[in-house]
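Engineer: So that we are looking at the same thing, I have put the structure below in structure tokens.
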Amino acid sequence: MADKKLASIYKKLFCRYGDLQWWPARTPYEVIAGAVLTQNTAWTNVEKAIINFGEDGPEPEFVASVRMSKLTDIIRPAGFFNQKAVYLKSVTKWFERYDYDVRKVKREPLEKLRGELLSTKGVGPETADSILLYAFDLPTFVIDAYTMRLCGRYPVDAGKTYSQVKAYFEDNLPKGVELYNNFHALIVANAKEHCRKKPLCAGCPLERGCKCCC
DNA sequence: CACCAGGAATGTA
DNA sequence: TACATTCATGGT
Numbered sequence: 162m163a164d165k166k167l168a169s170i171y172k173k174l175f176c177r178y179g180d181l182q183w184w185p186a187r188t189p190y191e192v193i194a195g196a197v198l199t200q201n202t203a204w205t206n207v208e209k210a211i212i213n214f215g216e217d218g219p220e221p222e223f224v225a226s227v228r229m230s231k232l233t234d235i236i237r238p239a240g241f242f243n244q245k246a247v248y249l250k251s252v253t254k255w256f257e258r259y260d261y262d263v264r265k266v267k268r269e270p271l272e273k274l275r276g277e278l279l280s281t282k283g284v285g286p287e288t289a290d291s292i293l294l295y296a297f298d299l300p301t302f303v304i305d306a307y308t309m310r311l312c313g314r315y316p317v318d319a320g321k322t323y324s325q326v327k328a329y330f331e332d333n334l335p336k337g338v339e340l341y342n343n344f345h346a347l348i349v350a351n352a353k354e355h356c357r358k359k360p361l362c363a364g365c366p367l368e369r370g371c372k373c374c375c
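Offset between the first sequence (1-based) and our numbering: plus 161.
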């Protein structure tokens, strides 16, 4: 790999947090719903919304058939509920093409699925990649605000746009679902532990003294 | 009280 | 391509 910075960062994070193998959800569809609900929203608020779906969490058959007013009522704590209700309906309609069947989705090529998701209302690049990686175990790297900040700061000149940074990570790391999964998880875990807390970045494995690593 | 959180769509220049 | 605005709750 041309640039070893990423491997170095990964190692430090891994030593601190280990193999997380991530996404706090019980089912693939819960990942899909969570990926939409967490758009520009604190995860704690997403949890409240998920709890409102009931014991089994969000299910595609329910989201597809429930009335809009009831859906907005359920997801209200996650914010942007009018938009996100539309988005949930939309991404669920995409999943319905595959009969809500994970195996059927996984028969298709990653890039085809990514294209379909990106043309789905409410699904941008980060949400698409989160769904592909964490719901369907497909090897695509997720870039989020934490990742951008980490690069800008470290510094790792991975580019400016989403697609540039994504390409940089994928080109400078061995391709693999487990690695992509855990690397993004580690970045989020580190950001949540250290970002905007006092003392700033004490004990941060990236040793930068925040506003820095996260 | 201001600021922000695991974004995306839409509009302007 | 590059920004600005809108969407909205809840924690700090």
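Ideal Cβ placement from N, Cα and C applies to all residues, glycine included.
Please read all numbers here as calculations on a predicted model, not as lab measurements.
As an exercise, report each continuous alpha helix (DSSP H) stretch of at least 4 residues that is fully enclosed by the stretch 214-270, in chain order.
Structural biologist: Listed in chain order, the complete alpha helix (DSSP H) runs (minimum 4 residues) inside the stretch 214-270 are 221-226, 229-236, 242-257 and 263-266.
Engineer: For Glu155 and Ala225, which I take to be in contact (beta-carbon distance under 8 Å), what is that distance rounded to the nearest angstrom?
Structural biologist: No answer is possible for residue 155: it lies beyond the span of the chain, which begins at 162 and ends at 375.
Engineer: Any contact of the stretch 194-213 with the stretch 235-253, i.e. 3+ C-beta pairs under 8 Å?
Structural biologist: At 8 Å Cβ cutoff, the stretches touch.
Engineer: Evaluate the contact criterion for the stretch 313-321 versus the stretch 220-235: three or more CB pairs, one atom per stretch, below 8 Å.
Structural biologist: Result no; under three Cβ-Cβ pairs closer than 8 Å.
Engineer: How is Lys173 classed by DSSP in three states: helix, strand or coil?
Structural biologist: Position 12 of the first sequence, counted from the first residue, corresponds to residue 173. If DSSP states are grouped into helix, strand and coil, Lys173 belongs with the helices.
Engineer: Inspect the beta-carbon positions of Phe302 and Tyr329 and report whether they are closer than 7 Å.
Structural biologist: Position 141 of the first sequence, counting from 1, holds the residue named residue 302. Position 168 of the first sequence, counting from 1, holds the residue named residue 329. Not in contact: Phe302 and Tyr329 (Cβ atoms no closer than 7 Å).
Engineer: Run the CB neighbour count on Lys327, radius 10 Å, all protein chains shown included, and call it buried at 16 or more, exposed below.
Structural biologist: The sequence position of residue 327 within the first sequence is 166, counting from 1. So Lys327 ends up on the buried side.
Engineer: I need the straight-line Cα distance from Gly195 to Val349, nearest angstrom please.
Structural biologist: In the first sequence, counting from the first residue as 1, residue 195 sits at position 34. In the first sequence, counting from the first residue as 1, residue 349 sits at position 188. So the two alpha carbons sit approximately 15 Å from each other.
Engineer: Within 10 angstroms of its Cβ, does Cys365 collect 16 or more other Cβ (buried), or is it exposed?
Structural biologist: Here residue 365 refers to the residue found at position 204 when the first sequence is read from its first residue. Cys365 should be labelled buried.
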